[in-house]
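In the UniProt record's numbering, the protein residues as written are 1 to 298. The beta carbon of each residue, even a glycine, is placed where N, CA and C say it ideally should be.
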Amino acid sequence: MTPRDTGLAALMALIWGSNFVVIEWGLQDVPPLLFAAMRFVLVLLPAIFLVPRPAVSWRVLATVGLTVSLGQFSMLYLALHLGMPSGMAALVLQVQVPLTIVIAAVVLHERVAPAVAIGVGVAVVGLAVVALGRGAAGLLPFAVTLLAGLSWAVGNVVVRAKGVPGGLGLTVWSSLVVPLPLLALSLLVDGPATVVDALPGLGWRPLLSTAWTAVVSTLVGYGIFYSLLHRNPSATVVSWVLVVPPLAILLAWVLQGDQPSTTDLVGAGIAMAGLAAAQLLQARARRAPVLPEVVPAR
């Protein structure tokens, strides 16, 4: 990596690490599913008029949108709304890495090297330690975050099975199926009165948060990500993505006073060691990245 690319990789990790804090900050004034719908409206417009549609079927686009975008982010926003700390959400969401490897092994019959399997096991142990540290009151948001990671992993396997090339176009065009279902879910879960009352009163905080998550995190962050993949080995680029959860935990601590417990830190350390081993070894074995998001939608 050149010094310029190293700087871009660090900027990408910082953008994505800050994203969880920014989402939680904006969620204080808006129902979570409505807030997620707002994000994907801004991902779509005006990008869909500027980014070419990828050469995949509408069925694949819809499947990716419903899993990687709608499923993942509806659960993530709901988990944050229920009290999942933003820094730990960034970590637990990475359960998608071992889940992607396991689901691909079962469904696509991909071979999993013993070292990768050990890494997956270590990551699961670390996440279990984090779960124990949540206590009874924190188990629901933790479980919802796991569901977000599961939805992401299913989308990853669909993309891999169909041989879909990753790229900004896939993110933008797959988002077509996201805003209206999210709005419908918000109307169903929160009630029409809550949604109608929330829209006119949107302040600068949720609007700024939405702009950051949609424009900076998704469009700029993944623009950097894919440009780096074109110029550098995939395992090198993926290694920078592994910086995101620790950065998110640190930013939540510094900016929100959300100090992780000793159990959280121990579990996070174990999980990150396992994730790094599993993801980087699998990436090298496949000579392609096991992406943190096959579809850019963070």
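N- and C-terminal bounds of the alpha helix (DSSP H) containing residue i
i, result
"M12", "P3 to G26"
"F73", "Q72 to L82"
"P54", "First-last for P54: undefined, no H or E at that position."
"H109", "Looking at the DSSP string, H109 is not in any alpha helix (DSSP H), and its letter there is neither H nor E."
"W212", "Run containing W212: none; DSSP gives neither H nor E here."
"N156", "P114 to K162"
"P233", "Neither: P233 is in no alpha helix (DSSP H) and is coded neither H nor E."
"residue 303", "Outside the shown range of the chain (1 to 298) lies residue 303, about which nothing can therefore be said."
"A89", "S86 to V92"
"P192", "P192 to A198"
"T67", "Run containing T67: none; DSSP gives neither H nor E here."
"G169", "L168 to S174"
"P32", "P32 to L44"
Residue burial classification, residue i (beta-carbon count within 10 angstroms, cutoff 16)
i, result
"I15", "buried"
"A113", "exposed"
"H81", "buried"
"T218", "buried"
"P141", "buried"
"D197", "exposed"
"F49", "exposed"
"R262", "Note that residue 262 is Thr in the sequence shown, not Arg. Exposed, because fewer than 16 other Cβ atoms sit within 10 Å of the Cβ of T262."
"L99", "buried"
"L281", "buried"
"G269", "exposed"
"L199", "exposed"
"T2", "exposed"
"P85", "buried"
"V254", "exposed"
"V290", "Note on V290: pLDDT 45, under 50, position unreliable in the model; no value is reported."
"A137", "exposed"
"R134", "buried"
"A10", "exposed"
"Q259", "exposed"
"V159", "buried"
"W204", "exposed"
"V106", "exposed"
"A13", "buried"
"A115", "exposed"
"A193", "exposed"
"Q94", "buried"
"R4", "exposed"
CB of residue i within 8 Å of CB of residue j, strictly
i, j, result
"V33", "L182", "A small fix is needed here, since residue 33 is Leu in this sequence, not Val. In contact: L33 and L182 (Cβ atoms closer than 8 Å)."
"L170", "G17", "no"
"S174", "L44", "no"
"G87", "F20", "yes"
"M75", "A148", "yes"
"L132", "P245", "no"
"A278", "I101", "yes"
"V195", "L187", "yes"
"V216", "L228", "no"
"V120", "G274", "yes"
"A153", "L108", "no"
"I103", "V164", "no"
"L168", "Y226", "yes"
"G65", "L176", "yes"
"T210", "L8", "no"
"A117", "V97", "no"
"V68", "G155", "yes"
"D190", "P31", "yes"
"V178", "F40", "yes"
"L27", "Y77", "yes"
"A79", "V144", "yes"
"M272", "L242", "yes"
"V172", "A89", "no"
"V22", "W212", "yes"
Near the ligand HEM: residue i beta-carbon under 7 Å from a heavy atom
i, result
"I249", "As presented, the structure is devoid of all ligands, the ligand HEM included, so that no description of it is given."
Item to complete: Give a yes or no on contact between the stretch 125-132 and the stretch 63-79, applying the rule of three or more CB pairs nearer than 8 Å.
Response: The answer is no - the stretch 63-79 does not touch the stretch 125-132, with fewer than three Cβ pairs under 8 Å.
Worksheet entry | Cβ contact check for the stretch 182-195 and the stretch 52-60: 3 or more pairs under 8 Å | No: fewer than three Cβ pairs fall under 8 Å.
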